[in-house]
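Protein sequences, first through last, are from chains A and B.
Under our numbering, the very last position in the first sequence is 566; numbers go up by exactly one each time.
Under our numbering, the very last position in the second sequence is 738; numbers go up by exactly one each time.
For every residue, glycine included, the Cβ atom is placed at its ideal position computed from N, Cα and C.
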Amino acid sequence: VQRTGAQIVWECLVKEGVTTVFGYPGGAMLPIYDAMLDYPVRHVLVRHEQGAAHMADGYARASGRVGVAMATSGPGATNLTTGIATAMLDSSPTVFVTAQVSSKVLGSDAFQEVDVTGITLPITKHNSLVTDVRHIARTIREAFVIAGAGRQGPVLVDITKDAQQAKTEFEYPEAVHLPGLYQAPPPDGESLARAAELVDKAERPVILAGAGVIRSGATAALRAFAEKTSTPVALTLLGIGGFPQSHPLCLGMMGMHGEAFTNQAIQRADLLLAFGMRFDDRVTGNIKTYALHARKIHVEIDPSEVGKNVKIDVPVVSDLRAALEALTPMVEARQRDAWVAEIDGWRQDTRSRDIVHRDGNGRLLAPHVLHDLWKATGGGAVVVSDVGQHQMWEAQYYKHDEPRTLITSGGLGTMGFALPAAIGAKMARPDAEVWVVAGDGGFQMTQSELATVQQEELDIKIAIINNGFLGMVRQWQEFFHDKRYAATPMLSPDFMKLAAAYEIPAYRVSGRADVVPAVEKARETKGPVLLEFQVEKEDAVYPMVPAGSDLHAMIRRPGAGEEVRS
Amino acid sequence: VKHTLVARVLDQPGVLNRVASLFRRRAFNIESLTVGHTEDPEFSRMTIVVDTARVPAPIVEANLRKLVPVVDVTDVTHMATVDRDLALIRVRCAPAERAELASLVEIFRGRIVDVAVESVIVEVTGDEEKVNGLVELLRARGIVEMVRTGKVAMLRGSVVETRPAATAAPAA
Numbered sequence: 001v002q003r004t005g006a007q008i009v010w011e012c013l014v015k016e017g018v019t020t021v022f023g024y025p026g027g028a029m030l031p032i033y034d035a036m037l038d039y040p041v042r043h044v045l046v047r048h049e050q051g052a053a054h055m056a057d058g059y060a061r062a063s064g065r066v067g068v069a070m071a072t073s074g075p076g077a078t079n080l081t082t083g084i085a086t087a088m089l090d091s092s093p094t095v096f097v098t099a100q101v102s103s104k105v106l107g108s109d110a111f112q113e114v115d116v117t118g119i120t121l122p123i124t125k126h127n128s129l130v131t132d133v134r135h136i137a138r139t140i141r142e143a144f145v146i147a148g149a150g151r152q153g154p155v156l157v158d159i160t161k162d163a164q165q166a167k168t169e170f171e172y173p174e175a176v177h178l179p180g181l182y183q184a185p186p187p188d189g190e191s192l193a194r195a196a197e198l199v200d201k202a203e204r205p206v207i208l209a210g211a212g213v214i215r216s217g218a219t220a221a222l223r224a225f226a227e228k229t230s231t232p233v234a235l236t237l238l239g240i241g242g243f244p245q246s247h248p249l250c251l252g253m254m255g256m257h258g259e260a261f262t263n264q265a266i267q268r269a270d271l272l273l274a275f276g277m278r279f280d281d282r283v284t285g286n287i288k289t290y291a292l293h294a295r296k297i298h299v300e301i302d303p304s305e306v307g308k309n310v311k312i313d314v315p316v317v318s319d320l321r322a323a324l325e326a327l328t329p330m331v332e333a334r335q336r337d338a339w340v341a342e343i344d345g346w347r348q349d350t351r352s353r354d355i356v357h358r359d360g361n362g363r364l365l366a367p368h369v370l371h372d373l374w375k376a377t378g379g380g381a382v383v384v385s386d387v388g389q390h391q392m393w394e395a396q397y398y399k400h401d402e403p404r405t406l407i408t409s410g411g412l413g414t415m416g417f418a419l420p421a422a423i424g425a426k427m428a429r430p431d432a433e434v435w436v437v438a439g440d441g442g443f444q445m446t447q448s449e450l451a452t453v454q455q456e457e458l459d460i461k462i463a464i465i466n467n468g469f470l471g472m473v474r475q476w477q478e479f480f481h482d483k484r485y486a487a488t489p490m491l492s493p494d495f496m497k498l499a500a501a502y503e504i505p506a507y508r509v510s511g512r513a514d515v516v517p518a519v520e521k522a523r524e525t526k527g528p529v530l531l532e533f534q535v536e537k538e539d540a541v542y543p544m545v546p547a548g549s550d551l552h553a554m555i556r557r558p559g560a561g562e563e564v565r566s
Numbered sequence: 567v568k569h570t571l572v573a574r575v576l577d578q579p580g581v582l583n584r585v586a587s588l589f590r591r592r593a594f595n596i597e598s599l600t601v602g603h604t605e606d607p608e609f610s611r612m613t614i615v616v617d618t619a620r621v622p623a624p625i626v627e628a629n630l631r632k633l634v635p636v637v638d639v640t641d642v643t644h645m646a647t648v649d650r651d652l653a654l655i656r657v658r659c660a661p662a663e664r665a666e667l668a669s670l671v672e673i674f675r676g677r678i679v680d681v682a683v684e685s686v687i688v689e690v691t692g693d694e695e696k697v698n699g700l701v702e703l704l705r706a707r708g709i710v711e712m713v714r715t716g717k718v719a720m721l722r723g724s725v726v727e728t729r730p731a732a733t734a735a736p737a738a
């Protein structure tokens, strides 16, 4: 059957199992949008293309399925780029379809023409410009294979308007020819044997679990390994959910805002087992003093990450789940009571300093809000956080037990991510309870997507942690720039009136006693609810390892009984 | 420290740009990069000489391998190879000096390929050291202009069996 290029785009998406796409139409995109009406795919009209990209990303992270977003040529495509880069840095499997001006005028600075494949080259796993209708099906098929293979990531397909309009015989290519597509090999037996030997000899091992645990479906395999070897598990920000935080071996988040006992355990370890993580500067601190006593095993699907930041004794380049399932039977079952007890001692010290166990002296503190949100939701929500202080407090105080229940922009640190990503997450998992946790700054970057929430009738709960500042930048100014608050005090709209304009019920909370009732009220309400928590303006995230400092050199929260910074 | 990487890449538009962009954004330092056709019209071949003082060669290799059109990469630095660099050198040369210059160039198996009144163009092919040797000698006479292709390399002996088979992607 003869089909237009535009029809072929939708034929392929349907064949790939796509049921939802996020996008925004435009001139060069008209043929694709026209054809859309004849296909069983739900299109979500966004308010800004950045939102579409984050939605596709959130959809992918919540479900593991490839997320899809589309935009027109020129400004439509450039607006996607922040979202594409966000997906790239966090290896989120996504496919972006953009329209391009007709091939006849390509390269002439035609209306709404921009070099999309050039612009997105460094922020995609792969991209292609299609000018010939006969190549559309193959290119889209390849895009899905590439996005989902190995270390996942965004792939962009840019299709000229004339290719969308031209007709050809449609045949869906089941098999693809991608001789250069890198596929990690199965775990190498010799490396596994060396790894097992190091594990058996270790007295003070620590597992560093990253996003790879979740992406490879290795949560059960990780748990089996950790329990058999009695090895404590520290998590990266994106690894949260990969190991239950209620588990006695869980050390919570590591790194710049990791708990003191967690970083202490890493610095004192004699063996680090890095599972699906990449030794980001935010988790290592000063690399020269990082875990000096530890041998290092790195199980990683992407060989370009092995030895990039930290010298590795035993690299295992492989899918993590496959490696763990092979490794666990090779290691000795062993209790490491002394080591676990030593860490628990440090854990008690951390607990005694924890603000959660102290009174806010009449002020509403963000850590208390996140702690109460965790309690009131039974820890079972999918939380989509934005970027900044609230993101770190969420990571510290909302205790996730299940994979894919924390969705956040880790690598790129994209403010404005939370609301649109939550829309994507909710559409991927309609039965999940989805909470946005955002600061007043980041929320304002993409708050126009409140319209999308209503338009799609989505039941999303929104918690704005409003401290009237760009809080994390303010914190750095407080610590490192003599409290010179350049451009960090932030004016916000009246969030109650803003929500009202979108006909979203909203409640303002400024006292601790009102937190849980507000959360409960939001949960009982069908449909979206916005909660604004007016929190202490100048609180800081503790502990903090200043950028580039030794991981054990932490700024601690002023001690119990002392006044909280204000 | 210099490493020589040989990459087999799909002969598609934009592949060179992808490789160059990778080196730029990862701050890898390229000494030279050559690209050309191969025995198989589906593939081109790149010979890349990279300074690995800051980033070790295996990391560079792994990053190259991640580019979808790059089919395989071999670090041939410590393997037995035939490697060649070609230079065209325009050097000052009065008519009276031509014969002497020609015999000098001959020692390096080079030749004079163009003659003007006060200069000649010398062509020389060889491994980098040999070309460097001739360049040093000619420098004293006054090099007006020079262009070098950069290194191309091929493993010695039979490699028919050792080349990794192109792997087909799974139906995801």
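Buried/exposed call for residue i, threshold 16 Cβ in 10 Å
i	result
Q335/A	exposed
F480/A	exposed
D359/A	exposed
M70/A	buried
A164/A	Going by the sequence as given, residue 164/A is Gln instead of Ala. The residue is buried, with at least 16 neighbouring Cβ atoms inside 10 Å.
L45/A	exposed
N583/B	exposed
D568/A	Residue coverage of chain A in this structure runs from 1 to 566, which leaves residue 568/A outside it and unanswerable.
G439/A	buried
L238/A	buried
Q2/A	exposed
K483/A	exposed
Distance, residue j Cα to residue i Cα
i	j	result
M554/A	D337/A	27 Å
A646/B	K201/A	41 Å
A56/A	D386/A	16 Å
R141/A	I355/A	51 Å
T81/A	T414/A	12 Å
P420/A	A87/A	13 Å
T408/A	V697/B	55 Å
V453/A	D494/A	19 Å
Q578/B	A381/A	46 Å
I162/A	S128/A	Going by the sequence as given, residue 162/A is Asp instead of Ile. Each residue's Cα considered, the two are about 16 Å apart.
S108/A	V114/A	10 Å
P736/B	V176/A	Legend: pLDDT at P736/B = 43, less than 50; position of this residue unreliable, value from coordinates given subsequently. Between P736/B and V176/A, the C-alpha separation is close to 8 Å.
R675/B	D280/A	52 Å
Chain A residues whose Cβ lies nearer than 9 Å to that of residue i
i	result
N595/B	Within 9 Å Cβ-Cβ: nothing; N595/B doesn't reach chain A, min ~16 Å.
Proximal residues of chain A, C-beta to C-beta of residue i below 8 Å
i	result
R584/B	L121
S587/B	L121, P122
Neighbour list for residue i in chain A, Cβ cutoff strictly below 7 Å
i	result
R591/B	P122
For residue i, the nearest candidate out of the options (CA to CA)
i	options	result
H357/A	W346/A, P179/A, D372/A, A500/A	D372/A
E596/A	A218/A, K521/A, V283/A	The displayed coordinates of chain A run from 1 to 566. Any statement about residue 596/A would go beyond what the structure contains.
Y39/A	Q7/A, V68/A, Q455/A	Q7/A
L208/A	A438/A, R557/A, G258/A	G258/A
A428/A	M36/A, R42/A, A28/A, P25/A	R42/A
N466/A	L249/A, T488/A, V105/A, A53/A	T488/A
G242/A	S216/A, T231/A, I266/A	S216/A
M330/A	W393/A, G411/A, L192/A	L192/A
V626/B	A660/B, T715/B, R590/B	R590/B
M472/A	I119/A, M544/A, Q455/A	M544/A
H126/A	M29/A, T117/A, R194/A	T117/A
K461/A	I32/A, V384/A, Q534/A, R474/A	V384/A
G699/B	R631/B, D651/B, C659/B	D651/B
Contacts that residue i makes with chain B (C-beta to C-beta distance below 8 Å)
i	result
P543/A	Going along chain B, no residue has its Cβ under 8 Å from P543/A, so there is no contact; the nearest lies around 32 Å.
P303/A	P624, A628, R631
Chain B contact residues for residue i, given Cβ-Cβ distances below 7 Å
i	result
H126/A	V634
Scan the stretch 307-321 of chain A for residues whose Cβ lies nearer than 8 Å to a Cβ of chain B and list them as they occur along the chain. For the stretch 307-321 of chain A, the set of positions with a beta-carbon nearer than 8 Å to some beta-carbon of chain B reads G307, K308 in chain order.
Determine which residues of the stretch 618-634 of chain B have a Cβ less than 8 Å from any Cβ of chain E, and write them out in chain order. Included in the structure are the protein chains A and B, with no chain E among them.
Residues of the stretch 570-582 of chain B with Cβ closer than 8 Å to any Cβ of chain A, in chain order: Contact annotation: in the stretch 570-582 of chain B, residues whose CB is within less than 8 Å of a CB in chain A are V575, L576, G580.
Output, in sequence order along the chain, the residues in the stretch 635-662 of chain B whose CB is closer than 7 Å to any CB in chain A. The stretch 635-662 of chain B vs chain A, Cβ under 7 Å: P635, V636, V637.
Scan the stretch 171-184 of chain A for residues whose Cβ lies nearer than 8 Å to a Cβ of chain B and list them as they occur along the chain. Per Cβ criterion, the list reads E174, A175, V176, H177, L178, P179, G180, L181, Y182, Q183.
Give me the subset of the stretch 135-168 of chain A whose CB atoms are less than 7 Å from a CB atom of chain B, sorted by chain position. Of all residues in the stretch 135-168 of chain A, only F144, V145, I146, G148, A149 come within less than 7 Å of chain B when Cβ atoms are compared, listed by chain position.
Between the stretch 595-612 of chain B and chain A, which residues of the former have a C-beta closer than 7 Å to a C-beta of the latter? Listed by position, the residues of the stretch 595-612 of chain B near chain A (Cβ gap below 7 Å) amount to none.
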